[in-house]
């Protein structure tokens, strides 16, 4: 594995009025170009972790390094430029009344010259397939389209990493697939490292690696196959596992020796089909 | 699904629309002053001709523009009546009990009413042909020199544009909450004033709670996108003066020249 | 079975005669029978939110009629409070409607609007809290200090306290984490078992497949499919073209049938599919 682009060492954070740490000693390396999914029930600390990666919060103990820069008050803007963030509520992260103006917001804040902003905004809007809506008002767009605009705004900054903090939680299945697909494409085609925080295990199974958090700590880590085959444990952490994994657990319980790590319908049909033959 | 028109912006494309918002702001101010310094009806006719030209060159139409006078009708009528009754000058026209209307009074009354109407119409040309966002942009740029003496020009314009951005969102939200409370048997329509005001509590509290939550999240999202105030900020669209701005300015200067001449000549 | 909701040829046009004109509902007819658990599936823009508003008389039914327990909601003489007493409506993200200082007061809002006496209100609040699984001790807590899942339970209790015989929920599990989702759906199942007719609007085929007796699939304002879950799930390709999905186990059942397995057409629940597979391999039907 090449040099990690995100490097956390015993990172911790405690909110002022809380009696426990929201993130409690997390150590994690993320490789450049990786698609990492973070799962965990509400209050498990995953959103706090996301905010540490973007210097919205500064670790109270341990360290967080983003592309070689240690997250601190002083370097906050350098960190944010390298690590963009897309939030959950599509409405509450759009600043401007015109799509392209919103897309330009980050670049304007960084003092990029107008001509360069124009070029990058158009490029980003084309990338997310919203160039034809550049002059539209965000209030006329669907939730999924609003999230595309939010992604374009981040892409225009040309970050190396994008953190998606439950960015599909408020969308319907069509919008969800759409936004997830876009994140995957940006990851594959542009080589942007993605940290994808979600409740939906059907998204997590498509990640390169899955981290499960609980009570501010990393509880499970590995490929989706490895993590989800711990059916009982994952369920007890308040999460879901793919239906096929539950099925193989049931079948094994009844004496049918199915492999534990069957993830998809096609795989299951394949396995059972072979048995029949 | 609510369509809210703020500042009465009337989307379109024409000479007036293409003017730089700063030009429009300054020239509107100049026209308002012009209306004030005019001493003759001929001068008013000149300004009215300009309003007519705006109404037709933009396809907005005079009828639509006159609609904007509606909310101000009472004020205009009041100004007219007060001037009519209180100004006593020149020949007597009507004498009825303690009521006395004089020629001078009538002239002043009509004069003041026309002046008010023209004021509204000229400023409407600005709001009808300039989108709220262009307006805030223009205001910010014009006010920028003031930020040297501590005037929060950028902050004010940012606040205005965020407000514009969230008005439709909050309208939609109000409607959702209203329905939810109606489903719980809330009644927003009947009762006396006090009861109705009380009935608003289940609507307003959730709305405020939600507005604060949104503000919180928006602030976080803005920070994540490197926002740190107006310093060192650039703009996607740099405002730029073009030839048409010079043409418009020249036209207004010409109107001033004619107006001063009319005043000096003392035409009707 | 007596029908409690009867929708006939309902059409709803938004902003008629304007450039924004849009048909939210187009000749929709549906029936809900007493004691049923009905699922309505469709995504944003399918018209489902408009439909549920009609069931609560929050929209006027023009072209078309809506009957609730035989009462025509379009009739001028129909008292809206009577309709809303009968039909409880829980909107999406209902926690955003909370406004009172305490949980108890918030839940009491509905019954108070029904002008019930204080003793009855107290009794209903307690019963509703129990039904949604909120601890008595939370009665005097501020609803704004609760967790997301608890807030939603308070909001649902606020509707249940009006003692509706029909409960309509729009996306009751939206935005919750998986454990919260499961808890919420089990809660609704419990409410249904207590004798309330339930209509649940959802995006999730898994959820409606697991809990509902009968489904209506709404697409572009029209009822595209309806029937028992097993019947609906047989239209996999059609559902997918509407941007909807079929539960994983229904997909597996179809794939296995294509491979010559004997999986009955009404098997879409995990237990049924597992049983069919075990039977196929001669392991008997002893799967849980």
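Protein chains in written order, with the working numbering: chain A, 182 to 458; chain B, 53 to 320; chain C, 1274 to 1561. A virtual CB, placed ideally from N, CA and C, is assigned to each residue, including glycine.
Proximity to residue i [Cα-Cα], best of the options
i, options, result
"residue 377 (chain A)", "A:371, A:387, A:370", "A:387"
"residue 139 (chain B)", "B:209, B:267, B:158", "B:158"
"residue 308 (chain A)", "A:294, A:337, A:380", "A:337"
"residue 285 (chain B)", "A:415, A:293, A:406, A:450", "A:293"
"residue 1372 (chain C)", "C:1400, C:1356, C:1424, C:1324", "C:1424"
"residue 416 (chain A)", "A:404, A:457, A:380", "A:380"
"residue 271 (chain B)", "B:301, B:252, B:318, B:210", "B:210"
"residue 373 (chain A)", "A:213, A:197, A:287", "A:213"
"residue 258 (chain A)", "B:277, B:146, B:260", "B:277"
"residue 1414 (chain C)", "C:1374, C:1314, C:1544", "C:1374"
"residue 339 (chain A)", "A:352, A:228, A:383, A:284", "A:284"
"residue 1396 (chain C)", "C:1430, C:1416, C:1333", "C:1430"
"residue 1547 (chain C)", "A:455, A:447, A:424, A:458", "A:424"
"residue 420 (chain A)", "C:1449, C:1528, C:1518", "C:1449"
Neighbourhood of residue i by C-beta distance below 7 Å, restricted to the same chain and skipping five residues each side
i, result
"residue 165 (chain B)", "128, 131, 132"
"residue 412 (chain A)", "422, 426, 427, 430"
"residue 185 (chain A)", "210, 211, 212"
"residue 1460 (chain C)", "1405, 1406"
DSSP state of residue i mapped onto helix, strand, coil
i, result
"residue 1538 (chain C)", "coil"
"residue 1363 (chain C)", "strand"
"residue 1429 (chain C)", "helix"
"residue 438 (chain A)", "coil"
"residue 238 (chain B)", "coil"
"residue 280 (chain A)", "helix"
"residue 286 (chain B)", "coil"
"residue 1465 (chain C)", "helix"
"residue 214 (chain A)", "coil"
"residue 1306 (chain C)", "strand"
"residue 232 (chain A)", "helix"
"residue 221 (chain B)", "helix"
"residue 404 (chain A)", "coil"
"residue 1394 (chain C)", "helix"
"residue 339 (chain A)", "coil"
"residue 389 (chain A)", "coil"
"residue 1417 (chain C)", "helix"
"residue 1351 (chain C)", "coil"
"residue 151 (chain B)", "strand"
"residue 1285 (chain C)", "strand"
Residues near residue i in its chain [Cβ-Cβ closer than 6 Å; skip 5 each side]
i, result
"residue 1288 (chain C)", "1294"
"residue 161 (chain B)", "132, 135, 136"
"residue 1562 (chain C)", "Here chain C has residues from 1274 to 1561 only, and residue 1562 (chain C) is not among them."
Where residue i meets chain B, residues with beta-carbon distance less than 8 Å
i, result
"residue 1432 (chain C)", "235, 236"
"residue 1383 (chain C)", "236, 237"
"residue 1425 (chain C)", "By Cβ distance, chain B contributes nothing, its closest Cβ being about 13 Å from residue 1425 (chain C), past 8 Å."
"residue 1326 (chain C)", "231"
Beta-carbon neighbours of residue i, restricted to chain C and to distances below 8 Å
i, result
"residue 437 (chain A)", "1550, 1551, 1554, 1556"
Within chain A, partners of residue i - CB distance below 8 Å
i, result
"residue 209 (chain B)", "Those do not exist, as residue 209 (chain B) stays about 12 Å from chain A at its closest Cβ, beyond 8 Å."
beta-carbon residue i near the ligand HEM non-hydrogen atom, thresh 7 Å
i, result
"residue 1438 (chain C)", "The ligand content of the structure shown is nil, which means the ligand HEM is not present either."
Under 9 Å from the C-beta of residue i: neighbouring residues of chain A
i, result
"residue 274 (chain B)", "274, 276, 286, 290"
"residue 213 (chain B)", "276, 277, 278, 282"
"residue 1317 (chain C)", "323, 324, 325, 352, 353, 355, 356"
8 Å Cβ shell around residue i - same chain, five flanking residues per side excluded
i, result
"residue 452 (chain A)", "439, 440, 443"
"residue 1535 (chain C)", "1549, 1552, 1553"
Interface residues of chain B facing residue i [CB-CB closer than 9 Å]
i, result
"residue 1525 (chain C)", "Under the 9 Å cutoff, chain B gives no residues; its nearest Cβ is about 39 Å from residue 1525 (chain C)."
"residue 1354 (chain C)", "237, 239"
Interface flag, residue i vs chain F, CB-CB below 8 Å
i, result
"residue 288 (chain B)", "The displayed structure is made up of protein chains A, B and C, and chain F is not among them."
Contact list for residue i against chain B, beta-carbon separation under 7 Å
i, result
"residue 235 (chain A)", "276"
"residue 1454 (chain C)", "Chain B residues near residue 1454 (chain C): none, gap ~21 Å exceeds 7 Å."
Per-residue contacts from residue i into chain C (C-beta, under 9 Å)
i, result
"residue 262 (chain B)", "1369"
"residue 228 (chain B)", "1364, 1365, 1366, 1369, 1370"
"residue 245 (chain A)", "Within chain C, no residue comes near residue 245 (chain A); the closest Cβ sits about 25 Å away, beyond 9 Å."
Interface partners of residue i on chain C, CB under 7 Å
i, result
"residue 254 (chain B)", "1372, 1382"
Could you tell me whether the segment 251-271 of chain B touches the segment 236-248 of chain A, using the rule of 3 or more Cβ pairs below 8 Å? Taking one beta carbon from each stretch, the segment 251-271 of chain B and the segment 236-248 of chain A have fewer than 3 pairs nearer than 8 Å; the two do not touch.
Cβ contact check for the segment 257-269 of chain A and the segment 342-354 of chain A: 3 or more pairs under 8 Å: Contact between the segment 257-269 of chain A and the segment 342-354 of chain A is present, because at least three Cβ pairs lie under 8 Å.
Any contact of the segment 1462-1469 of chain C with the segment 1426-1442 of chain C, i.e. 3+ C-beta pairs under 8 Å? These segments touch.
Hey, is the segment 174-181 of chain B in contact with the segment 74-90 of chain B, meaning 3+ C-beta pairs nearer than 8 Å? Touching, yes.
Stretch pair the segment 148-158 of chain B + the segment 98-115 of chain B: three plus CB contacts closer than 8 Å: Contact between the segment 148-158 of chain B and the segment 98-115 of chain B is absent, because fewer than three Cβ pairs lie under 8 Å.
Inspect the CB distances between the segment 1341-1348 of chain C and the segment 204-220 of chain B and report whether three or more fall short of 8 Å. Inter-segment contact for the segment 1341-1348 of chain C and the segment 204-220 of chain B is absent: fewer than three beta-carbon pairs are separated by less than 8 Å.
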